[in-house]
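In terms of the numbering used here, the sequence shown opens at residue 1409 and continues consecutively. Note that beta-carbon positions come from the ideal geometry of N, C-alpha and C, so glycine has one too.
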Amino acid sequence: MGINWLSNREVAVTVKDALHFFDDKKYKLVCYCIMSNHIHLVFYKLTGPLSKVMHSLKGFTANEANKILDRTGKIFWQDESFDRYIRNRGELQKIINYCLNNPVKAGLKRDWKEWPHTYLKKGFEKFIYQK
């Protein structure tokens, strides 16, 4: 399961704030779900290479989270990530639903909207599977 630093509310809020801060600066944010030990994130129209965008985002959030956790200067994020290019609207729909429903799949909530650390940008509601 890994280390659960993101279960710390202050750390999770710091990461959420950073995701929104970089929206329209480094990317266009679609959705995210912050779990206790990982994040699912969907964005598009990056301002540079994915590796540089992620380095900036991870670097900033790692520094801030480590301050909160009193672990300044230590590794926070794992090096690897599972990047994926979305090629069509059907795939976008599947990935948005997978991302947002992570807490439901984990048995933590009955509906993704109940999880305090999920976000879906206005205008993307049409991609949510109807029950």
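- Annotated as proximal: V1419 and A1473, with beta-carbon spacing under 7 Å.
- Positions of the alpha helix (DSSP H) runs, each at least 4 residues long and wholly inside the region 1490-1533, are given as 1497-1508 and 1510-1513 in order along the chain.
- In this structure, DSSP gives I1442 an extended state, which the three-state scheme calls strand.
- In the three-state reduction of the DSSP assignment, L1454 falls in the coil class.
- Taking all protein chains shown into account, F1490 has fewer than 16 neighbouring C-beta atoms within 10 Å of its C-beta and is therefore exposed.
- DSSP, read as helix, strand or coil, puts I1447 in strand.
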